[in-house]
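Numbering (the numbering used here), first residue to last: 418 to 964.
The C-beta atom is built at its ideal place from N, Cα and C for all residues, glycine as well.
In this text, all values refer to a predicted model and were calculated from it rather than measured experimentally.
Have a look at the structure below before the remarks.
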Amino acid sequence: MFLPRVPYGYFKGVILVCALLVVTVLSLIHRAYDTPPTANKLPEGGTQHWHDYNGTAPLAQSDEIRHLQSLVQKHDLTKQVTWFARRVQPKYSARKRLSMTESTLQFAPDDFARARVDDEGLRLEPSEKTLKLEASRSSKPDEIDASALLFGISSSYSRVVYSDYAMIQDWARWLTDGKRTSNGARLVLALQDADRSEVEHVGQMLRVAGISASVLSSQERQDTGARYLDLLGALMRQASGDDTTTEFLALVDDDVFFPSLSRLLRKLRKLESEKAYYVGVPSERSDWAVENTIPMTYGGGAVFLSRSMAQQLSELSCLKETGRTEDTESGDQWDAELHKCISQNTDAKLHVLPSFYSPQDDLIYGRQGITYDGYGGGIQPLALHHYRNWHRFEAGRAHLVASACGEDCFLQRYLFGDGWVLVNGYTIAQYPDGVEAMALSNGGSSPVLAQQQSRDADGSPAAADRLVIENDRERTADMKVVAWRGRKRTWRLLDSWVADDGEVWQAYVRRKEGGNSYGDGDDRVPGDDVHAEEEKTDVDSVIFLIW
């Protein structure tokens, strides 16, 4: 009897199909129990690969991964980092900007993840819930018309081109709309001993940045005082004739930054530009001095003149090269030279618009809290001075967040319910052992400057003759300081950028070496047994805020 013979190839095909079916079923069962873990549930030191769980192709890298890898390479961070990211959205419900905005929200509801940035298929994602921060509505750079302002700056070619034109990038934050278009303000830039090619090159870079500017070359042997007096003449010539838009002429140091330009304009306009006003905008305590027990400032490297005042000064011989004495080139600061010329030849008073410090602070609070908290003290400054050299602060990058939430939110402080404090654009700090915001009050031991000050009849600090301090009550009305015990962990803004979709990214970094002053030494006072030294870790740590 013969049985029909099954072809060998057909039999092999049946076996193969069955095998594939078994493998497929087992794979589906395994996948049902193998859901992708979140970054926060990964084991210590572990990272999760990107997988498309609906297919077999690997997913493209996320923005978080690309930005983290770029940050590590650009700033020489450790290859392995702890990482956390959160999206932030301003909630415009506040009537005004407070010294400290206290929130019951948790800043970091999830744990940090460890990630090795050179792992193939690294998976990272921000916290799922958007952090909505209360803020007051204020102008963004592209909403400001600054055509009333004409600025004069004296610098050098080497300073302007240093660090990839960082100075021009900073100027662009308050001379443009943040999108490479002028906000109406104009700049006259005098470059010390620059040749024609250098003048043309800097002029081109200013135009690329969107800054409306004229670039001049100043004499080689002039000191700073003489250069700025000459620069004032150039400003007055540019503002003469058919120019009807300029209300204030400003002389400023090249390392001055104006983070709240619309607010500054409002304060200047209260002084009425048609009258002869002379205004200084000092930033912090170093812009002040005590002369014969009287606090004095010459403007802190930022001086504004009303158009009427500038017209009066144009007739003074001390501002003209032929009328200057040997004292003009004595090496004094240019704002001191200008003050001497004005005070000796006119009746004008110097009106002062304070920022981080005013002599009234020492009387009102009777303690050092407000004057030494600096950028982290909750003050909304009108000007920053020496911010790069003295504070190692990149104001231009930090100020990018103002394009997302308005100029009031720059350096605004938030205290969260889980013991975190954000100073927007500056630092993020965690206080594991407890933190609170304490209102400053009168009394206590006064700092040295307050002890040296003379008093007026009402007890307020006496001001120098012909010095009018335009104190802003709102500036100090609700001032609070951060009170904490034990440990403090600080992440400082390292970088910031605007993504293609318009989102503003902030990268705050805590270096593995730790330290209470970002590498400058321990900022605790001698004998301090309340605050612990900041801990050291084995890797750098990164916090991304995405606005």
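Listed as beta-bridge partners of V605 by DSSP are G569, S631. Exclusion of the five residues before and after G601 leaves D562, A563, S564 as the residues of its chain whose Cβ lies within less than 6 Å of its Cβ. Shortest Cα-Cα distance from H948 to any of V899, W922, Q923, V956 involves V899.
I711 has its alpha-carbon roughly 17 Å from the corresponding atom of N888. Between R554 and the set S820, T763, Q523, T954, the nearest pair of CA atoms involves S820.
With fewer than 16 other Cβ atoms inside 10 Å of its own Cβ, K508 counts as exposed.
Going by DSSP, E708 is part of no alpha helix (DSSP H) but of the beta strand (DSSP E) stretching over 706–708.
Under a 10 Å Cβ-count criterion, V625 is classified as exposed, with fewer than 16 other Cβ atoms of the shown protein chains found around its own Cβ. Within the model, the alpha-carbon separation for K905 versus G931 is close to 10 Å.
Runs of the beta strand (DSSP E) lying entirely within the segment 484–537 and spanning at least 3 residues, in chain order: 497–509, 530–533. Membership of H768 in the beta strand (DSSP E) is indicated by the continuous run 767–769. Here K596 is exposed: its Cβ has fewer than 16 other Cβ atoms, across all protein chains shown, within 10 Å.
Counting C-beta pairs with one atom in each stretch, the segment 719–732 and the segment 751–766 have three or more that are closer than 8 Å, which means they touch.
Counting every other CB atom within 10 Å of its CB across the protein chains shown gives N806 a total below 16, marking it as exposed. A check of alpha carbon separations from L828 across G836, E811, G834, D835 identifies E811 as the nearest. Counting of Cβ neighbours within 10 angstroms places D917 among the exposed residues, the total staying below 16. A direct Cα-Cα distance of roughly 20 Å separates W751 from V632. A straight line joining the alpha-carbon of L817 with that of Q761 spans about 42 Å. Just so you know, the alpha carbons of S575 and A611 end up roughly 10 Å apart.
Here the segment 499–517 lies against the segment 545–552, with 3 or more beta-carbon pairs under 8 Å apart. It is roughly 12 Å from the alpha-carbon of S775 to the alpha-carbon of V885.
About 6 Å separates the beta carbons of G851 and R902, which is inside the 8 Å limit, making them a contact pair.
When C-beta atoms of the segment 484–502 are compared with those of the segment 526–542, three or more pairs fall below 8 Å, so the two segments count as touching. Separation of the CB atoms of D670 and H802 is rounded to 7 Å, and the pair is thereby assigned contact status at 8 Å.
With fewer than 16 other beta carbons inside 10 angstroms of its own, K687 counts as exposed. Among the bridge pairs identified by DSSP, T844 is matched with V840, R909. In this structure, R603 sits away from L649, with a CB-CB distance that is not shorter than 8 Å. Note that the C-beta distance between V959 and W500 is below 8 Å.
The continuous alpha helix (DSSP H) containing D647 extends over residues 641–656.
Sixteen is the threshold: when 16 or more other Cβ atoms of the shown chains lie within 10 Å of the Cβ of M653, as they do, the residue is buried. Burial of G718 is indicated by the presence of at least 16 other C-beta atoms within 10 angstroms of its C-beta.
Counted as a single uninterrupted DSSP element, the alpha helix (DSSP H) harbouring G620 occupies residues 613–625. When the five nearest sequence neighbours on each side are left out, the beta carbons in the same chain lying within less than 6 Å of the beta carbon of R590 are those of G813, H816, in order along the chain. For E551, the enclosing beta strand (DSSP E) covers residues 548–552.
Within the segment 660–710, the complete beta strand (DSSP E) segments of 3 residues or longer fall at 665–669, 695–697, 706–708, listed in chain order. Collapsing the DSSP output to three states places E951 in coil.
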